[in-house]
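See below for the structure under consideration.
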Amino acid sequence: MSILVYGSFLSRSADILTDDFLFETVKRLPGINPAARVLFLVSAETGLRHPLYECGETVVEAPGAGKAGRWWWSIKTLPAFLKQEQVNLAISYPENRNNNRIPLMMVVSELLPSAKNAAALTKKLAGAAAVVTTSNWGKTQLASVFQVPENKITVIPAAADTRFQPVEWDEKEAVKEKYAGGNEFFLFPCLPGHLQAVTEVLKAFSVFKKWQKSNMQLLVTGLGAEEQAALKLDAYRFRADVSLLPVLRTEELAAITAAAYGCVQPGLPDPACMAAIRSLQCEIPVIASSTGAFPEICGAAALYAEPGDFNDMGQKMILLYKDETLRRQLIATAKTQKLLYNWDASAALFSSLLHHP
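Residues 1 to 357 in the UniProt record's numbering are what the sequence shown lists, from first letter to last.
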């Protein structure tokens with residue numbers, strides 16, 4: 001069979017993962033099903049040197065100028081190409097351009113929009129023959145908020161990149177020296193556009209620092225320059241103990257995750273909980289909101305705070321810091337919990353679904 005995959009989920013750099021689910025499952029397809037032919041539809045801006053393209057063939061979008069050119073490409077040129085190439089299935093194409101009635105599969109593994117902004121995603125999902133998401137919580141949201149029939153939704157869990165692994169003591173110390181002045185640190189891997197979550201974590205960290213006279217640091221990753229400026233940390237009491245970092249290369253983020261004292265995750269509409277899964281794979285304790293997919297993903301390997309309650313999250317940070325026995329228990333549980341998430345198993349499920357979308 002021939003499968004068209006929309007390639008916008010790939011960043012310009014192979015060192016930065018922008019959508020782990022499609023990246024990890026699609027690159028395994030040739031090994032699982034050698035008969036499957038994968039076509040990547042990419043824009044010229046995306047670039048054509050990503051290593052994932054070695055798993056298939058690339059097709060560059062070539063619309064003409066202006067709205068008319070785009071219309072002709074989507075209505076005439078692309079459908080003719082798909083027919084010529086005998087494409088059986090399209091995956092995660094961004095708009096309903098299903099002009100030749102090829103089954104469409106949508107993969108929803110990233111942040112969900114709020115209910116008031118649900119219209120765009122609802123429209124995209126309406127024409128899908130199948131929808132894949134990464135947690136039962138995500139399935140419930142897609143059914144209730146985005147009006148997707150439950151029988152169209154399949155849950156396939158995500159996993160972490162293999163570069164996220166536990167590290168030895170000396171490696172942790174080197175990371176702490178580089179990023180936190182040699183001190184222990186809590187980590188919050190932020191997702192783009194969620195400054196309110198950063199504010200919540202900063203307030204929780206304030207609660208921790210007021211009660212614990214320690215050198216503990218807070219590292220927040222994933223923030224662009226404008227987002228860092230918008231936080232206005234100059235007036236923050238514990239500014240000297242906070243480091244704001246940009247989007248990091250995968251190797252760098254993996255090293256920081258593996259060296260963290262704990263990973264903090266406030267409530268976000270995230271069906272995959274990738275930061276939590278990466279922490280589990282590194283055997284690092286997680287402090288998460290008790291809402292969303294976190295309890296489902298982390299199980300007993302996390303401490304849970306009431307959603308939106310920064311004081312409760314701060315108290316959980318204190319508890320993790322003071323109770324070494326509890327921390328060791330969470331690490332031991334993470335070693336078991338992380339076994340639930342395996343890209344080979346998820347890719348096999350994904351591959352089997354392609355034949356019956």
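We treat Cβ as the ideally placed atom computed from N, Cα and C, and that holds for glycine.
Local conformation of residue i per DSSP, three classes
| i | result |
| --- | --- |
| E57 | strand |
| Y261 | coil |
| I16 | Residue confidence is low: I16 scores 45 on pLDDT, short of 50, so the model does not pin down where it sits. No coordinate-derived value is stated. |
| I3 | strand |
| N33 | coil |
| I277 | helix |
| F238 | coil |
| S243 | strand |
| A160 | coil |
| I287 | strand |
| F21 | helix |
| S69 | Note on identity: in this sequence residue 69 is Gly, with Ser being the wrong assignment. Residue state, collapsed to three classes: helix. |
| Q329 | helix |
| N342 | coil |
| Q337 | helix |
| A293 | coil |
| V145 | coil |
| V201 | helix |
| P166 | coil |
| D312 | helix |
| L353 | helix |
| E227 | helix |
| E85 | coil |
| P266 | coil |
| L248 | coil |
| T76 | The sequence given here has Lys at residue 76, not Thr. If DSSP states are grouped into helix, strand and coil, K76 belongs with the helices. |
| A255 | helix |
| A180 | helix |
| K232 | coil |
| A272 | coil |
| K172 | helix |
| L195 | helix |
Which residues DSSP lists as bridging residue i, in chain order
| i | result |
| --- | --- |
| T154 | V132 |
| I91 | V5, M105 |
| Q217 | F185 |
| A347 | Paired residues: none, contrary to the question. |
| A302 | V286 |
| L41 | Y6, V59 |
Residue nearest to residue i in terms of C-alpha spacing, selected from the options
| i | options | result |
| --- | --- | --- |
| S243 | Q196, I287, M216, L112 | M216 |
| L245 | D161, L4, L191 | L191 |
| L195 | P266, E227, V59, K172 | E227 |
| T336 | A300, L111, L354 | A300 |
| residue 359 | L354, T199, A302, F310 | Only positions 1 to 357 of the chain appear in this structure, which leaves residue 359 out of reach. |
| S135 | P295, Y261, Q165 | P295 |
| residue 423 | A160, A35, G66 | The chain is shown only over 1 to 357; residue 423 falls outside these bounds and no answer can be derived. |
| V220 | Q212, A197, K152, M105 | A197 |
| F21 | G193, V148, K83, C273 | C273 |
| N151 | K139, P157, D161, A305 | K139 |
| G292 | I277, P269, E283, G308 | P269 |
| I153 | W211, R163, G182, V108 | V108 |
| E110 | V26, A275, S290, A347 | A275 |
| E171 | A259, E200, L112 | A259 |
| D309 | I287, E324, R327, G222 | I287 |
| residue 364 | H356, P103, F350 | Because the chain in this structure spans residues 1 to 357, residue 364 falls outside the shown range and cannot be described. |
Distance cut-off 7 Å: residue i Cβ against heavy atoms of the ligand HEM
| i | result |
| --- | --- |
| A36 | Among the components modelled here there is no ligand, and therefore nothing to report on the ligand HEM. |
Give, in chain order, every unbroken run of the alpha helix (DSSP H) that is at least 4 residues long and sits entirely within the segment 98-143. Counting only runs of 4 or more, we get 119-126.
Between the segment 248-267 and the segment 229-238, do three or more beta carbon pairs fall short of 8 Å? With contact defined as three or more Cβ pairs closer than 8 Å, the segment 248-267 and the segment 229-238 are not in contact.
The segment 26-45 contacting the segment 116-131, beta-carbon criterion three pairs below 8 Å: By the Cβ test, the segment 26-45 is not in contact with the segment 116-131, since fewer than three Cβ pairs between them sit closer than 8 Å.
When you compare the segment 336-345 with the segment 316-323, are there three or more beta-carbon pairs, one atom per stretch, that lie closer than 8 Å? The way I'd put it, the segment 336-345 doesn't touch the segment 316-323; fewer than three beta-carbon pairs between them come closer than 8 Å.
Cβ contact check for the segment 247-256 and the segment 160-180: 3 or more pairs under 8 Å: Enough Cβ pairs lie closer than 8 Å, so yes.
Should the segment 201-213 be regarded as contacting the segment 309-316, the criterion being three or more beta carbon pairs within less than 8 Å? Between the segment 201-213 and the segment 309-316 there are three or more C-beta pairs closer than 8 Å, enough to call the two in contact.
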